[in-house]
Ligand SMILES: Cc1cc2nc3c(=O)[nH]c(=O)nc-3n(C[C@H](O)[C@H](O)[C@H](O)COP(=O)(O)OP(=O)(O)OC[C@H]3O[C@@H](n4cnc5c(N)ncnc54)[C@H](O)[C@@H]3O)c2cc1C
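In the working numbering, the protein residues as written are -2 to 393.
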């Protein structure tokens, strides 16, 4: 420890969902932290995400669930798979009652900004430093050193790299990692609810699956919008960021010939963002010296189980618990954190990867076998290993 204070000086690089969740859980355990975020305002560019019960339980534990559900939409139907050409329902989860009974919490869909707002409400203002772009992360022995573009240098007792998929902290901890083009890109867009067809305004997480493509939609923002995420061949698109946009016509072209109702939903969308999905193997370690990784910096995953943000939130909860259990030996606490989190997140990376094949099958015998399997499946129970995770149980 280089600090003379009783509690370690904790720096979190990145003020996204993972960084704020970590700061909030640390705060709940009596640790102060400094969150350094390059953006000048804490915001998430327009789109939604599903918050499964494993994440919702943690929001409740932080005391922010009530704030979150003011704008989040409680799902009544989950994983409703539909056939691309006619919307035939292949399978659907009835979440009403069941989700609460099995996992003590509901499943929600929300705008990312609403999730970020809820997490931020559990972090003291003085902890958040905006407009702080980190230019380099280096190690002096086991000591991580952050150099910001405004000239400031920070030498924390503990560094948490929550700086997303292009993480600088990961580069410093692991060295450069390989990312392969997956051949898939994601489009995402919002549709104002008044322009959306009735079927898309239902409180349902609906997935239309077809050859080489699938499209997911659900209502968000107090049901004021329908969020739409579509996956299609990447073509020339290679930018792994929502800063890239696409013309609505490109998205319409991708789904030409699909069920007309779906085409009408797409036609009502605002300008889509486009994100090329890059493929990364699970890492074999996350720690170096006094630094560790969290969220997408540690375990970027394809979004096909809708668990990336949920896992980032779990990471924050487990990390805070490990530090609280071993405050005098933070390096041992970081090791324990990595040991607890790496296997679970690697498994999610792997199963999420597998869905890119199964959801995009061309019509034929394999697709028919898949549809039959989906019709007999019970994902709410089959995904129990995801939804019932309890960080406190894991740590104790
Ligand atoms: C199409 C799609 C759909 C998804 N759907 C879901 C879903 O339904 N449910 C779900 O749970 N997850 C979903 N995810 C995954 C989820 O979005 C991510 O896992 C989650 O946002 C990761 O959070 P993070 O905080 O680790 O990273 P990020 O959200 O990327 O945050 C990183 C932060 O670090 C900051 N930063 C980066 N570099 C620097 C620097 N040098 N200096 C200072 N700050 C820096 C960035 O500005 C950013 O604010 C989806 C992902 C995609 C692509």
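Glycine included, each C-beta is placed from N, C-alpha and C at the ideal position.
When rounded, the separation of the alpha-carbon atoms in residue 91 and residue 97 is 11 Å. The segment 169 to 219 contains, as complete alpha helix (DSSP H) runs of 4+ residues, the segments 195 to 198 (chain order). Under the three-state reduction of DSSP, residue 71 is assigned to strand. Contact between residue 201 and residue 77 holds, since their C-beta atoms are separated by about 5 Å, short of 8 Å. Judged by DSSP secondary structure, residue 289 falls within the beta strand (DSSP E) whose first and last residues are 288 to 290. Just measuring C-alpha positions, the residue of 158, 359, 214 and 297 sitting nearest residue 347 is 297.
By DSSP's assignment, residue 126 forms a beta bridge with 33. Here residue 67 is exposed. Its C-beta has fewer than 16 other C-beta atoms within 10 Å. Taking C-beta atoms under 8 Å as the contact rule, residue 318 and residue 389 qualify, at a distance of about 6 Å. Residue 310 and residue 368 have their C-alpha atoms roughly 32 Å apart.
The DSSP-derived three-state label of residue 388 is helix.
Residue 151 has 143 as its beta-bridge partners, per DSSP.
Here residue 214 has 197, 203, 223 and 225 as same chain residues with Cβ atoms under 6 Å from its own Cβ, once five neighbours each way along the sequence are excluded. Residue 10 has its Cβ nearer than 7 Å to a heavy atom of ligand 1.
Assignment of beta-bridge partners to residue 8 by DSSP yields 31 and 156.
Taken from the Cβ of residue 33, at least one heavy atom of ligand 1 lies inside 7 Å.
For residue 133, the enclosing beta strand (DSSP E) has its first and last residue at 131 to 137.
By the C-beta density criterion, residue 372 is exposed, having fewer than 16 other C-beta atoms within 10 angstroms. When the Cα atoms are used, residue 158 and residue 145 turn out to be separated by approximately 14 Å.
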